[in-house]
Amino acid sequence: MPFNIPILLTWLRVALIPLVVGVYYLPPAWLPLQDRNLAATLVFIVAAVTDWFDGFLARRWNQTSAFGAFLDPVADKLMVAGALLVLVQLDRCNAIIAFIIIGREITISALREWMAQIGASKSVAVNSIGKIKTAAQMTAIPALLYYDVVLGAIDTRFWGEKLLWLASVLTVWSMFYYLKKAWPLIKEKAGTLN
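Throughout, this note's numbering is defined as the position within the sequence shown, counted from one, plus 330.
Structural data, given as structure tokens:
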């Protein structure tokens with residue numbers, strides 16, 4: 331297993347996931363809800379920044395590796411799934427939306443793994459729909475974790491809900507886009523198995 335700064339940042343992101351979840355299990359006397367919201371939001375934002383930064387450094391320092399390519403999306407999926415489960419428990423996110431987002435991530439991860447095995451991973455490379463979905467999702471989650479008004483004007487509850495709905499629509503759209511791109515190969519491989 332290679333070890334470098336980008337992989338260290340990815341491991342840091344994995345380590346931050348229990349903090350986002352765990353802060354809500356502290357006794358209320360230790361940390362009031364508003365402070366928990368702020369702490370979870372800040373930890374999530376730090377984790378999200380490491381996601382961008384580890385990829386940037388890996389490319390800039392030419393430290394990309396197969397292990398890093400495996401660990402990075404796993405860390406991303408765990409971070410999003412953990413935060414969404416907390417938001418469902420706090421009744422800030424509809425369970426159906428969380429299921430759609432998490433289910434899509436599992437489906438596309440499995441599809442990418444299968445496509446890589448048959449040498450066609452470029453067919454399901456990240457596209458602009460997926461990038462917009464990720465941006466909406468990674469803005470909505472900290473907004474819903476914070477769940478208050480910022481600067482007396484920005485209601486993070488309202489904007490977080492709207493962005494998460496947008497993310498869920500883009501999630502379904504991007505899933506069908508990837509499946510459509512992969513379908514000819516799926517049919518071809520299924521035909522060779524008969």
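Cβ atoms here follow ideal geometry from the backbone N, Cα and C, with glycine treated the same way.
Check the C-beta distance from Val353 over to Ala378 and give it rounded, since I have them as a contact under 8 Å. As a first step, residue 353 is located in the sequence shown; it is residue number 23 there, counting from the start. As a first step, residue 378 is located in the sequence shown; it is residue number 48 there, counting from the start. The distance from the Cβ of Val353 to that of Ala378 is about 16 Å, inconsistent with a contact at the 8 Å cut-off.
Ile431, DSSP secondary structure in three states: Walking along the sequence shown from the start, residue 431 turns up at place 101. Three-state result, Ile431: helix.
Limits of the alpha helix (DSSP H) - the one that Leu363 falls within: Your numbering for residue 363 matches position 33 in the sequence shown. Here the alpha helix (DSSP H) through Leu363 covers 363–390.
Would a C-beta distance cut-off of 8 Å place Leu500 and Ile471 closer than the cut-off? Here the question's residue 500 lines up with position 170 in the sequence shown. Here the question's residue 471 lines up with position 141 in the sequence shown. No, they are not a contact pair.
Counting pairs of Cβ atoms below 8 Å between the stretch 423–438 and the stretch 481–498, do you hit three or more? yes
Contacting residues, own chain, Cβ-Cβ under 8 Å from Val376 (five flanking each side not counted): Position 46 of the sequence shown, counted from the start, is the residue given in the question as residue 376. These residues qualify, in order along the chain: Leu346.
Reduced DSSP secondary structure (H/G/I, E/B, other) of Asp485: For the purposes of this step, residue 485 is identified with residue 155 of the sequence shown, where counting begins at 1. Strand at Asp485.
For the ligand FAD, I want to know if Leu496 counts as a neighbour, meaning its beta carbon is within less than 7 Å of at least one of the ligand's heavy atoms. Questions concerning the ligand FAD fall outside what the structure shown contains, since it holds no ligand whatsoever.
If I measure Cβ to Cβ from Asp402 and keep anything under 8 Å in the same chain, skipping five residues before and after, which residues do I get? Taking the first residue of the sequence shown as position 1, residue 402 is located at position 72. Closer than 8 Å at the Cβ level, and outside the excluded window around Asp402, lie Thr340, Asp381, Asp384, Gly385.
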